[in-house]
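In our numbering, the protein residues as written are 442 to 745.
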Amino acid sequence: FGFMIVEAVGGVLSGSLALLADAGHMLTDAVALALAYAAFRFGRRAADSKRTFGYLRFEVIAGFLNAVTLFAIVAWIAYEAWERLQAPPVILAGPMMIVAVLGLLVNVLVLWIMTRGETDHVNVKGAILHVMGDLLGSVGAIVAAIVIYFTGWTPIDPILSVLVAALILRSAWKLLAKSIHILLEGAPEDASPEKVEQGLMSTVPGLAAVSHVHVWQLTSGRTMATLHVRPNVDEEARAVVKRVEAVLREQFSIEHATVGIDWNSEADENICSLQPTTGRQDHSGHDHSEHNHDHDHSAPGHKH
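Here's what the structure looks like:
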């Protein structure tokens, strides 16, 4: 945070948009890191009666907000770049170079620290993208300072700022798309319903059919699923379900799955046909004239 102020002051004094853009991006970094940390800590809270899945979605929400702030930064850089191309300001290359080099060193250190830990979560990825954007901004500022120092061509500053903004935009779009995909409970690429169904049918013995497959992510690395399975007629349903759960866990990293059983309809009909009938039989339409109703009254035990 302290260096962000230094970079902002350096950008104002030198007249460099690249430094100002990097300083503004650093401000969003500070907010993004704080948000990511808060979401991680808050997401570890246990589930309760109101939020039965817990608070892990806060990590995804943090990633979404990080992406939105990145879009805002890109829009601001593009606007400022256009204004400066119309009326190029005076830029002091010396101070610009010094501040840009210091910014590069700080960003490299921060990036190294962040990539040493867990990087799979969406909110952590968002924070890393912010730092990488800062790093690219510092590189762009260094290049612009070198060009201005040797040639005096100041439009290089807003041009490189726009190029850096384009790289940030690409990363922000990916982060936004992934965050929205998880928030909309989209299936992960490595565990799509089609892949899950094919994997189960080709792996689980005694499985006749798989249907109603729904796969989604609670947060990054926490995949869940619901599905229906139909065991073969001669298979024990409980054993088939256990095999299905094992395949989901080992092949698709789905630790929590709700497996419903679709009983074989043909078998159910056969079972029903074997059940004893109760109550009076309906003899309507039964033609007694076709049957011999003579009784042998000499049979023992026959009484009138």
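For every residue, glycine included, the Cβ atom is placed at its ideal position computed from N, Cα and C.
As the structure is a prediction and not an experimental result, all values here were calculated from the model.
Would you please state the rounded distance, in angstroms, between the beta carbons of S620 and D703? I believe it to be under 8 Å.
Their Cβ separation, rounded to whole angstroms, is 35 Å, which puts S620 and D703 out of contact at 8 Å.
Between E500 and F481, what straight-line distance do the alpha-carbon atoms span, to the nearest angstrom?
6 Å
Three or more beta-carbon pairs under 8 Å between the stretch 521–537 and the stretch 451–470, yes or no?
yes
Does the beta-carbon of H655 have 16 or more other beta-carbons within 10 angstroms, so that it is buried, or is it exposed?
exposed
Classify E448 as buried or exposed, calling it buried when 16 or more other Cβ atoms lie within 10 Å of its own Cβ.
buried
For I554 and V605, I'd like the C-alpha separation in whole angstroms.
23 Å
Tell me whether R690 is buried or exposed, calling it buried when 16 or more other Cβ atoms sit within 10 Å of its Cβ.
exposed
Taking Cβ to Cβ, would you say P599 is nearer than 8 Å to L458?
yes
Identify the residues that DSSP records as bridge partners of T664: which are they?
Q658, I695
Along the chain, where does the alpha helix (DSSP H) containing A487 start, and where does it finish?
Per DSSP, A487 belongs to no alpha helix (DSSP H) and is neither H nor E.
Less than 8 Å between the C-beta atoms of I589 and V542, yes or no?
no
Q658, buried or exposed, once every other Cβ within 10 Å from all chains shown has been counted against 16:
buried
Residues bridged to P672 (per DSSP):
Paired residues: L648.
Buried or exposed (CB count within 10 angstroms, at least 16 for buried), A570:
In the sequence on display, residue 570 carries Leu and not Ala. Classification for L570: buried.
Can you look up G701 in the DSSP assignment and give me helix, strand or coil?
strand
Own chain residues within Cβ distance below 7 Å of L474, not counting five before or after:
A568
Hey, how far is the Cα of G574 from the Cα of V580?
10 Å
Best match in I532, L608, V700 for proximity to F591 [C-alpha to C-alpha]:
I532
Over the uninterrupted alpha helix (DSSP H) stretch that includes W553, give me the two end residues.
It spans 534–555 - the alpha helix (DSSP H) in which W553 sits, taken as one unbroken run.
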